[in-house]
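Take a look at the structure set out below.
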Amino acid sequence: ETVFKVAHFGVNLLNNQNQTDHIPLEKIQKCIVFRMCYYCGLRGSENMFHSCVNCDAVMYCDEECQLKSWKEDHNIWCTKLKRYMQMESQMANLPFEFIKYTTNRNFTLEKLRSLLEKNDVYDKGLWRRECQKTDSKFCLPFGELDSNEKPYALPLEGAVLENPPTEAPALENPLTNWSDYYNFRGFWFDSIICGLLHYPLTLYWIITNSLPKYCNTIFFFLK
């Protein structure tokens, strides 16, 4: 713990360019899980931090950081984050074969990288937006990915998505969950394509589920 606390003196031990960024999936369980203070950004082992007792969504290295954070913005976000955390168990009920692994609280950035590497999509196409290489010299602006590159980097899923279905579900009887969508498009439940598709499908859910309830006039014109 003392070693990591030297970050208070401006020494960043965890940002060494020579450190190993890529950890084999089978060795990840043995790795130290690092946490980060929500306010000052100090990083270290889990026992260095304590969670907000109300929302349990953010961690702090000491009471001073927690108090400053509360005064700045956490007093606004705490209740909202608490609602999100109350839905934590629901995330593990999604139909994907990898979901218990990716929704575990110890699922770190390093584990995400290894998962993407295992699926051969790390640092490819749109996946760069989800997890970019830490040693990248530059970041491509949004909308400027190489036009010759396959955006999904998954051959089978890419072939499906490049050919829209001939008949989409009616707005009166829309798809309502991931199982419906995966079955509709013929994806396997071990496919990580949901990591990219949650953006458009969130908009789809808002249009088909929220508009009829709260903006019925707008929904009527979409039909």
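According to the working numbering, the stretch in the sequence shown is residues 3 to 225, in order. All residues carry an ideal CB built from backbone N, CA and C; glycine is no exception.
Quick one: give me the first and last residue of the alpha helix (DSSP H) that residue i is part of.
| i | result |
| --- | --- |
| S181 | W180 to R187 |
| W79 | N77 to Q88 |
| I208 | Counting along the chain, I208 falls outside any alpha helix (DSSP H), and DSSP gives it neither H nor E. |
| Q134 | Where Q134 is concerned, there is no enclosing alpha helix (DSSP H), given that its DSSP letter is neither H nor E. |
| G160 | P157 to L163 |
| L117 | L111 to K120 |
| I101 | I101 to T104 |
Cutting at 6 Å between CB atoms, please list the residues of its own chain near residue i, excluding the five before and the five after it.
| i | result |
| --- | --- |
| C54 | V60 |
| L83 | C57 and A59 |
| I194 | N121 |
| M38 | R45 |
| P176 | T210 |
May I ask which residues mark the beginning and end of the beta strand (DSSP E) holding residue i?
| i | result |
| --- | --- |
| S47 | R45 to S47 |
Should residue i be labelled buried (16 or more other beta-carbon atoms within 10 Å of its own) or exposed?
| i | result |
| --- | --- |
| W129 | buried |
| H76 | buried |
| Q88 | exposed |
| S71 | buried |
| C196 | buried |
| R107 | exposed |
Contact check, residue i vs residue j under 8 Å by CB: the rounded distance?
| i | j | result |
| --- | --- | --- |
| N62 | Y41 | Note that residue 62 is Tyr in the sequence shown, not Asn. Confirmed, about 6 Å. |
| Y184 | F191 | 6 Å |
Give me whichever residues DSSP pairs with residue i in a beta bridge.
| i | result |
| --- | --- |
| F36 | S47 |
| H52 | Y62 |
In chain order, what residues of the same chain have a beta carbon less than 7 Å from the beta carbon of residue i, not counting five sequence neighbours either side?
| i | result |
| --- | --- |
| L163 | Y154 |
| C80 | C54, N56 and C57 |
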